[in-house]
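K.L.:
The sequence shown runs 63 to 454 under my numbering. Below you will find the structure I want to go over with you.
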Amino acid sequence: MQVSMVADDGNAAQVLFQVGPSSLEQRSVVLENVKAAITDPGDKALLPKGASATTGGLAVVGVGLLENITANRAELTIVALLLVAAFVIMRYRNLTRGLLTMIPVLLAVGSSAVLVRLLDITLSPLTTVGGPLVVATCAEFSVLLIDRYAEERARGFNPDEATTIAARRTGRAFFTSALTTLGGFAVLMFSSLPLLADFGMVVTINIGVALLAALVVVPPLIKEADHRGLLAMDERRLVVSVRRRVVSLAGAAVLGVVGVVMVFNAVRVTTLATAEARTTAAAEAPATIPPSTTVAPTTSLAPDATLPPGPAERPSGLIGGVFYDTLVGVGVDPGVARCAADDLLATTSEADLLAMGIATTPRPPEVDALLSDAALRCGVTQEQLDTIAAAG
Numbered sequence: 063m064q065v066s067m068v069a070d071d072g073n074a075a076q077v078l079f080q081v082g083p084s085s086l087e088q089r090s091v092v093l094e095n096v097k098a099a100i101t102d103p104g105d106k107a108l109l110p111k112g113a114s115a116t117t118g119g120l121a122v123v124g125v126g127l128l129e130n131i132t133a134n135r136a137e138l139t140i141v142a143l144l145l146v147a148a149f150v151i152m153r154y155r156n157l158t159r160g161l162l163t164m165i166p167v168l169l170a171v172g173s174s175a176v177l178v179r180l181l182d183i184t185l186s187p188l189t190t191v192g193g194p195l196v197v198a199t200c201a202e203f204s205v206l207l208i209d210r211y212a213e214e215r216a217r218g219f220n221p222d223e224a225t226t227i228a229a230r231r232t233g234r235a236f237f238t239s240a241l242t243t244l245g246g247f248a249v250l251m252f253s254s255l256p257l258l259a260d261f262g263m264v265v266t267i268n269i270g271v272a273l274l275a276a277l278v279v280v281p282p283l284i285k286e287a288d289h290r291g292l293l294a295m296d297e298r299r300l301v302v303s304v305r306r307r308v309v310s311l312a313g314a315a316v317l318g319v320v321g322v323v324m325v326f327n328a329v330r331v332t333t334l335a336t337a338e339a340r341t342t343a344a345a346e347a348p349a350t351i352p353p354s355t356t357v358a359p360t361t362s363l364a365p366d367a368t369l370p371p372g373p374a375e376r377p378s379g380l381i382g383g384v385f386y387d388t389l390v391g392v393g394v395d396p397g398v399a400r401c402a403a404d405d406l407l408a409t410t411s412e413a414d415l416l417a418m419g420i421a422t423t424p425r426p427p428e429v430d431a432l433l434s435d436a437a438l439r440c441g442v443t444q445e446q447l448d449t450i451a452a453a454g
């Protein structure tokens, strides 16, 4: 427990806990255990009748945000695919050309999701946007290649020549552009923050997969579609039989289905694995409080430089209040006890005192030194301190 605060009227209280460094998935396990204990405390019920308790804080917000985004991850990717496909089809005014543009996008989305799963990258509010990101990136690369191919066909080149020129010129340009983007995001992988490191890795994977999908899939796909007469490049229209057109469309449909299956399968596997990790494999990690760097003050006051007494009221803080009660219990004047409590917290915060082990039994020597120095500076006698030490 880090600190506990109670309202003046006694009708509300807040208890703060410090948790060790952990992922949102691990913290979700802790929150589920806390909620279960609140819902059904059994014989360990500490709350008075009619009282209620709930969880709060950044951990609760982060876990809730992750659950909401993860639950809608597949929907976000599907919506991105549908919106991009609708725009491309309306822009080209050609259903076949629009669908051909989306085939490498589907393959890239599925491949990216599979890679993220195989690398066991931790999901976070940043990494869950990988699906829409790879849709946008791969769609851009595909449109650039297909439009350049159409321009070369309009200039009179045959499908083979147009494919070579488009891949050599436009492909080289956005390959260089993609590499610079990859380098920029790859730097994030070396961040000391796990959230940024995972985000950098996911973005790097997405851009790399989008680039490969566009370069590998688009040129042969668009050339084959042109050979079979599925595309109308300006005034040059190839006359083919209905049977060949149906066969080509069927082949494109098969590739599209493969991409869709990869997307849904990767999302399903990732979702199931995340749920399993939260319910079975994940374990509640104990909090690891880093050692405090606070040391006992080395400066000393002159023999007669005693601090003036403070107000006689009891401090409201947990540590200050307990220290005050202990001193008053051995006959120390309330004003002197308040001075000692205020002086202690002025030199060392409650968080540092807790980290140093003030709540442990026995207390560390450096903590006793801080308590004694604060008391002596305010006029507490050594005999009174010895009485406290003897009482434990």
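Cβ atoms here follow ideal geometry from the backbone N, Cα and C, with glycine treated the same way. Computed from a prediction, not measured in an experiment: that's the story for all the values here.
Under 7 Å between the Cβ atoms of Val271 and Ser411?
P.N.:
Numbered from its first residue, the sequence shown carries residue 271 at position 209. Numbered from its first residue, the sequence shown carries residue 411 at position 349. No, these two residues do not count as a Cβ contact at 7 Å.
K.L.:
Would Glu392 and Gln446 qualify as a contact pair, given that the criterion is a beta-carbon distance under 7 Å?
P.N.:
On the sequence shown, position 330 is the one that residue 392 refers to. On the sequence shown, position 384 is the one that residue 446 refers to. A small fix is needed here, since residue 392 is Val in this sequence, not Glu. It is a contact, given that the beta carbons lie within the stated cut-off.
K.L.:
Which residues in the same chain as Phe219 place their Cβ atom closer than 8 Å to its Cβ, once the five residues preceding and following it in sequence are excluded?
P.N.:
Position 157 of the sequence shown, counted from the start, is the residue given in the question as residue 219. So the qualifying residues of the chain are Ile227.
K.L.:
Check whether the Cβ atoms of Thr158 and Leu292 lie closer than 7 Å to each other.
P.N.:
On the sequence shown, position 96 is the one that residue 158 refers to. On the sequence shown, position 230 is the one that residue 292 refers to. Yes.
K.L.:
Mark Arg231 as exposed unless 16 or more other C-beta atoms lie within 10 angstroms of its C-beta, in which case mark it buried.
P.N.:
Here residue 231 is taken as the residue at index 169 of the sequence shown, counted from 1. When all chains shown are included, Arg231 counts as exposed.
K.L.:
Please report whether the beta-carbon of Ala240 lies at a distance below 7 Å from any beta-carbon of chain D.
P.N.:
As a matter of chain content, chain D is missing from the structure shown, which is built from one protein chain.
K.L.:
Locate the alpha helix (DSSP H) running through Thr368, then write down its first and last residues.
P.N.:
As a first step, residue 368 is located in the sequence shown; it is residue number 306 there, counting from the start. Taken as a continuous stretch (DSSP letters only), Thr368 belongs to no alpha helix (DSSP H), as it is neither H nor E.
K.L.:
Rounded to whole angstroms, what is the Cα-Cα separation between Val125 and Leu207?
P.N.:
Taking the first residue of the sequence shown as 1, we reach residue 125 at position 63. Taking the first residue of the sequence shown as 1, we reach residue 207 at position 145. So the alpha carbons of these two residues sit roughly 41 Å apart.
K.L.:
Short of 7 Å in beta carbon distance, which residues of its chain neighbour Met263, apart from the five on each side in sequence? Order them along the chain.
P.N.:
By one-based count along the sequence shown, residue 263 stands at place 201. For Met263, where only same-chain residues beyond five positions count, the Cβ hits under 7 Å are Ile183 and Met251.
K.L.:
For Ala451, name the three-state secondary structure that DSSP assigns.
P.N.:
Walking along the sequence shown from the start, residue 451 turns up at place 389. It is helical.
K.L.:
Can the beta-carbon of Val167 be found closer than 7 Å to that of Val205?
P.N.:
Looking up residue 167 in the sequence shown gives position 105. Looking up residue 205 in the sequence shown gives position 143. Not closer than 7 Å, so no.
K.L.:
Hey, would you say Ile100 sits closer than 7 Å to Ala115, going by beta carbons?
P.N.:
Locating residue 100 in the sequence shown gives position 38, where the first residue counts as 1. Locating residue 115 in the sequence shown gives position 53, where the first residue counts as 1. It is a contact, given that the beta carbons lie within the stated cut-off.
K.L.:
According to DSSP, is Glu375 helix, strand or coil?
P.N.:
For the purposes of this step, residue 375 is identified with residue 313 of the sequence shown, where counting begins at 1. Looking at Glu375 - three-state DSSP - the assignment turns out to be coil, as it is neither helix nor strand.
K.L.:
Identify which residue in Leu257, Val178, Ala248 and Thr199 has its Cα closest to the Cα of Thr266.
P.N.:
Position 204 of the sequence shown, counted from the first residue, corresponds to residue 266. Of the candidates Leu257, Val178, Ala248 and Thr199, the one whose C-alpha sits nearest the C-alpha of Thr266 is Ala248.
K.L.:
Just verifying my parser: in three-state terms, what is the DSSP assignment at Gly441?
P.N.:
Taking the first residue of the sequence shown as position 1, residue 441 is located at position 379. Reduced to three states, the DSSP call for Gly441 is coil.
K.L.:
Please state whether DSSP places Pro396 in a helix, a strand or coil.
P.N.:
On the sequence shown, position 334 is the one that residue 396 refers to. Pro396 falls in the helix class under three-state DSSP.
K.L.:
Can you tell me whether Leu78 is buried or exposed? The criterion is at least 16 other CB atoms within 10 Å of its CB, across all chains shown.
P.N.:
Stepping through the sequence shown from its first residue, residue 78 is reached at position 16. Exposed, because fewer than 16 other Cβ atoms sit within 10 Å of the Cβ of Leu78.
K.L.:
Look at Ala98 and Val146 and say whether their C-beta atoms are less than 7 Å apart.
P.N.:
For the purposes of this step, residue 98 is taken as residue 36 along the sequence shown, with counting starting at 1. For the purposes of this step, residue 146 is taken as residue 84 along the sequence shown, with counting starting at 1. Cβ atoms of Ala98 and Val146: not closer than 7 Å.
K.L.:
In three-state DSSP terms, what is Phe219?
P.N.:
Translated into positions along the sequence shown, residue 219 becomes position 157. Phe219: coil per DSSP, three-state reduction.
K.L.:
Looking only at its chain, what residues have a beta carbon closer than 6 Å to the beta carbon of Arg298, apart from the 5 residues adjacent to it on each side?
P.N.:
Position 236 of the sequence shown, counting from 1, holds the residue named residue 298. Note that Arg298 scores a pLDDT of 42, beneath 50, so its modelled location is shaky; the value from the coordinates is reported in the next line. None.
K.L.:
Please name the residue in Glu137, Ser434 and Ala216 whose C-alpha comes closest to that of Val191.
P.N.:
As a first step, residue 191 is located in the sequence shown; it is residue number 129 there, counting from the start. Minimum Cα distance to Val191 is reached at Glu137.
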